[in-house]
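Notes for the one structure printed next.
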Amino acid sequence: MDRKLIEMKPATATLKKTFINMALTRQHVLLSMNLLPAAACIWFVIHFYVLLTAGEHLVEFVSNYQQNAEIDYSFRYYIDHPPSGVSFDHWENRKGDHVHGGYGVLEPGGFVRTVHYEVDGDSGFKTVIKTTAPGSSQQYNIHTGGRRTPPPQPLWNTKPVAFVQGVHKS
49 MDRKLIEMKP ATATLKKTFI NMALTRQHVL LSMNLLPAAA CIWFVIHFYV LLTAGEHLVE
109 FVSNYQQNAE IDYSFRYYID HPPSGVSFDH WENRKGDHVH GGYGVLEPGG FVRTVHYEVD
169 GDSGFKTVIK TTAPGSSQQY NIHTGGRRTP PPQPLWNTKP VAFVQGVHKS
């Protein structure tokens with residue numbers, strides 16, 4: 049088994065206090081993961097570099113790649129930046145035609161939304177979406193770094209923020 053763990057330390061750039069929309073689709077991830085495992089790992093590091101320049105974060109990729117073998121991989125990445133309120137966790141495992149994974153997002157107000165998904169062959173894409181309130185007995189805590197800070201307040205009448213979108217070519 050080839051196991052790679054990549055940790056990146058905070059850089060001088062910081063995230064602004066703004067809500068970050070991440071438009072990451074399952075198809076986008078799977079298209080990238082069908083590449084060679086090393087290329088997929090490099091793709092994740094480059095694709096999420098902007099978000100990984102501040103706060104606590106982890107990128108992990110594990111692959112059992114062999115020529116002419118069934119697809120077998122797992123990955124996880126985590127971003128936690130309390131000053132901006134960005135807290136995101138995504139993981140996925142695949143063996144052959146069976147894929148399962150999930151992600152969690154800390155939303156404004158302290159709500160945590162988790163999505164678990166599974167695909168088994170041609171059976172279709174199944175999801176379970178769950179939102180938990182702060183302090184709930186079923187609270188899923190993805191915020192682990194540093195001391196607790198209150199959720200960020202909305203920014204009113206702020207100047208526009210530049211939008212950066214990654215380009216993925218097939």
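For the sequence shown, the working numbering begins at 49 and goes up steadily by one.
Just so you know, even glycine gets a beta-carbon here, dropped at the ideal spot from N, CA and C.
Since the model is a prediction, treat every value here as computed from it, not as a measurement.
query, result
"C-alpha distance - T175 paired with V134, whole-angstrom precision", "23 Å"
"Beta-ladder partner(s) of D120, from DSSP", "K143"
"From I127, V153, Y121, E155, residue whose alpha carbon lies closest to that of G144", "Y121"
"Local conformation of G183 per DSSP, three classes", "coil"
"Residue nearest to E229 in terms of C-alpha spacing, selected from Y126, K178, S132", "Summary: the structure shown does not reach residue 229, with the chain confined to residues 49 through 218, and so no result is reported for it."
"Cβ-based burial, D128 [other Cβ within 10 Å; buried from 16]", "buried"
"Residue closest to R124, alpha-carbon to alpha-carbon, out of S132, G172, G152, K178", "G152"
"Cα-Cα separation between T162 and A117, rounded to whole angstroms", "32 Å"
"Same chain, Cβ closer than 8 Å to F159, five either side skipped, listed in chain order", "T179, T180, A181, P182"
"Best match in P156, I119, F173 for proximity to P131 [C-alpha to C-alpha]", "P156"
"G172, DSSP secondary structure in three states", "coil"
"Three-state secondary structure assigned by DSSP to G157", "helix"
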